[in-house]
Every structure is written in C-alpha cells, then in structure tokens.
Amino acid sequence: MTALRVALIFAVVCPVGSSQLSRHEMDVFWKFFKIAHSKIYDTPAEEIIRQRMFENNVALIKIHNLKYDLGLHTFTMGINEYSDMSPEEFSLTMNGLRLDRSAPRFAQPSDDLTCENDDPLPDSVDWRTNGYVTPVKNQGKCGSCYAFSTTGSLEGQMFNKTGRLRSLSEQNIVDCSRKEGNHGCRGGTMDKSFKYIKTNKGIDTDDSYPYRAKSGFFCHFKKKNIGGEVTDAVDITTGREDCLQKAVVSVGPISVAIDATYRFQNYKDGVFKDVGCDRVDLNHAVLLVGYGTTDKGQDYWLVKNSWGESWGLDGYVKMARNSDNMCGIATAASYPLV
Ligand SMILES: *[C@@H]1O[C@H](CO)[C@@H](O)[C@H](O)[C@H]1NC(C)=O
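Going from the sequence shown to the working numbering is simple: count from 1 and add 1165.
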C-alpha cells in the first residue's frame, strides 16, 4: 500500500475536524447525560431549556480544562448531575447559607482554646480514615447546606464520644429551627442549628427522620429517636487558617462556610482556587474533614460537600489552603461541644 493511499484512508476514517461538536453529537451526549443522571423533565419545553444549559456547561468545561492543560488553572471541571442548570439557578437553589454579620455568631461562644496549642501538626489529616465521617449526602434542590454542615461536625463529635457513627437528621433542623432564625430550604447557619439542638436537647437520627429536600410545615422531632446532643459550640478565630488547622487536628471535622462561586458547579478534580472568590460574603456551608499537600506542592483543605457523589472528587473538594483564606474558609468556622 502506498503512503498516499494510507493517507487517504486515514483522511476518510479520521477527518481532521473542527473542535466543535456537531448537532448530532451534542444530541447523543445529551441522551447519555440524561441516562447517567436519571433525568426526567416535566415538559418538552423544559427539556429544550435544560439541553441548552447543558451545552453551555459543556462549552465552559472544555475551555476551562484547556486552560488547565496550559497551566492556567489548578483544578479541572467535569459533567455532573448539575450540568443541566444555569449558574444563576444553581447558586439560588444549592447555596443557602445566610450569615448575619451584625449578630454574634453564637449566644455564648466558648473560647477557642485549640488555637493556643503549639504542638507540632501532622503534614496531613483525613478524619474519614478514623471513622468520623458518614457517606456523602445530597441536599437536592433545597438551600439546606447549613443543616448538612451542622450534622457533619456533630456526627464526628458524637462518634468521638460514643464510638458509634450515626447519620443525623438534616430534615429535623430544616423543619424545626425557625425559632432560632433558620429558614428551612431558604437558608440558615450552623451556629443557629447548634443552638437549636442545644435548646431542643437533641437531634434525631437520619433513619428516624429522613431527608425530604423540602421545608416541612410541621416539626416531627421525637425524643426517643435522638442520635446527637450539643452542650455548646465553639467559633474558631475568624480568618485564621492556622487556628482552623489546629482545630481540625485536635477536634475532628469542622463546620465551615465558603463563597461557592459559579466555578464550583462543575468542579471535578485538583485544588480549587478562584481569585474571584470572596472572603467575607459567604453563601455555602460545607464540612472540613482534613488537609494535605499535593505532590505538586499545593496545600489544600479536604472538604465534604452535600451535592451527592457525582460532584467533584466523589462528593469532596480540595480547596486551596494557606492561600490568604481563599473563599473565606476560615472566616466562619465552628464546631459543637457534646
Ligand atoms: C476522642 O477524642 C479524644 C481527644 O482528642 C481522643 O483522645 C480519643 O481517642 C477520641 N476517641 C475516638 C473514639 O476517636
């Protein structure tokens, strides 16, 4: 076979195409996306809008990852179950932290004594390996991130106290802590949730009071189903990543608030860094479960999110650490005393 014929055959089989996907290819990807994430839409009109948003996300992800390959980003993006949502819609439904900066963070905050400890710190920590962390949960289309962050740190402290890891009820917090100032699926804070659990003298287990991703009209708390209690809560000195590090070493998983920008929606892997991130104006609550340094020398915080396992690193994100309090991770950190 002559070289020319090989070249011709090659040209027929693998045309050097443009980087654009054809309409047909896009439709095929859309079908696979719907199957992979069990998507069902109410009307054909909605599906058309969803597909358009999906295609916008695909374009965004492609450009972002190209920049990553060129060394311009420290993290990659990828398709997940939220790739059919617009950035505006996503932040409206998935964030839900309502920090009240004028109010004291906890009624009677205990002093953050952990930061005065000068013991040497390990290079890395991952509380998952010590049994302190339940599997990744999914808040659904409800701004209840604060409830997941609250149960996350309390599950860890209850495990420390009792030796038993039990999943605690976010729905209990969503339905029952209005008096403390939370707003169900429309947002709240961890400090108010700790206060609720303290005043209520307990929170039910997840099994007994399952998650529904909706604000309930009634509170179904039952004393006999209590799985955790709070005596007080500690606010970590604001803005101090060194104090946050000491706390996560000596205490366990810590509730933290962050600014989750639109780039967060499609986060896949690597160390999340966004210079456009705010350090004060925070909108999302997550759980800090450890920290480390990548083999490229990037310091990161290991963070459990509540957006299911299709998002990020099986539901987790590595966020830039020692990077001038990136996204405000050390601004409003706290943990319960049990
Ligand atoms: C609970 O925490 C204390 C103090 O940090 C520690 O000594 C103990 O081993 C922990 N218990 C469990 C079950 O991890």
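Virtual Cβ for every residue (Gly too), placed ideally from N, Cα, C.
Original post:
So, helix, strand or coil for Pro1300, using DSSP?
Top reply: The three-state secondary structure of Pro1300, taken from DSSP, is coil.
Original post:
With 9 Å set as the bound, which would you pick, yes or no: does the beta-carbon of Gly1457 sit closer than that to a beta-carbon of chain C?
Top reply: Of the protein chains in this structure there is only one, and it is not chain C.
Original post:
Who are Leu1478's beta bridge partners in DSSP?
Top reply: Answer is Tyr1481.
**OP:** Closer than 7 Å by C-beta to Lys1366: which residues in its own chain qualify, once you throw out the five before and the five after it? Chain order, please.
**Re:** Closer than 7 Å at the Cβ level, and outside the excluded window around Lys1366, lie Glu1394.
Original post:
How close, in whole Å, do the beta carbons of Glu1335 and Phe1313 come, if the pair is a contact with beta carbons under 8 Å?
Top reply: The C-beta distance from Glu1335 to Phe1313 rounds to 6 Å, short enough to meet the 8 Å contact threshold.
Original post:
Just to check, is the beta-carbon of Asn1282 closer than 8 Å to a non-hydrogen atom of ligand 2?
Top reply: This structure lacks ligand 2; the ligands present are ligand 1.
Original post:
Straight-line CA distance for Cys1307 to Leu1257?
Top reply: If you take the alpha carbons of Cys1307 and Leu1257, they lie about 9 Å apart.
Original post:
How is Thr1496 classed by DSSP in three states: helix, strand or coil?
Top reply: Residue state, collapsed to three classes: coil.
**OP:** Report the option in Tyr1432, Asp1340, Asp1400 whose CA atom is closest to the CA atom of Phe1382.
**Re:** When only C-alpha atoms are compared, the closest one is Asp1340.
Subject >> Presumed contact (8 Å Cβ cut-off) between Arg1486 and His1348, rounded CB distance >> reply: Contact flag wrong, Cβ pair sits at about 31 Å.
Subject >> Extent of the continuous beta strand (DSSP E) to which Tyr1233 belongs >> reply: Premise fails: Tyr1233 lies in the alpha helix (DSSP H), 1209-1234, not in any beta strand (DSSP E).
Subject >> Where the beta strand (DSSP E) containing Ser1420 begins and where it ends >> reply: Per DSSP, Ser1420 belongs to the beta strand (DSSP E) from 1419-1423.
Subject >> 7 Å Cβ shell around Met1355 - same chain, five flanking residues per side excluded >> reply: Listed in chain order, the non-local C-beta contacts of Met1355 below 7 Å within the same chain comprise Tyr1311, Ser1314, Thr1315, Ser1420, Ala1450, Ser1499, local neighbours out to five positions each way being set aside.
Original post:
Does the stretch 1316-1324 come within contact of the stretch 1477-1491, defined as at least 3 CB pairs closer than 8 Å?
Top reply: When C-beta atoms of the stretch 1316-1324 are compared with those of the stretch 1477-1491, fewer than three pairs fall below 8 Å, so the two segments do not count as touching.
**OP:** Let me know the secondary structure DSSP gives Asp1397 once reduced to three states.
**Re:** In the structure shown, Asp1397 adopts extended strand secondary structure according to DSSP, grouped into three states.
Original post:
Cα-Cα, which of Ala1425, Asn1490, Thr1364 is closest to Gly1404?
Top reply: For the residues Ala1425, Asn1490, Thr1364, the minimum Cα distance to Gly1404 belongs to Asn1490.
Subject >> Minimum length 3: unbroken beta strand (DSSP E) runs contained in the stretch 1442-1470 >> reply: Listed in chain order, the complete beta strand (DSSP E) runs (minimum 3 residues) inside the stretch 1442-1470 are 1449-1458, 1464-1469.
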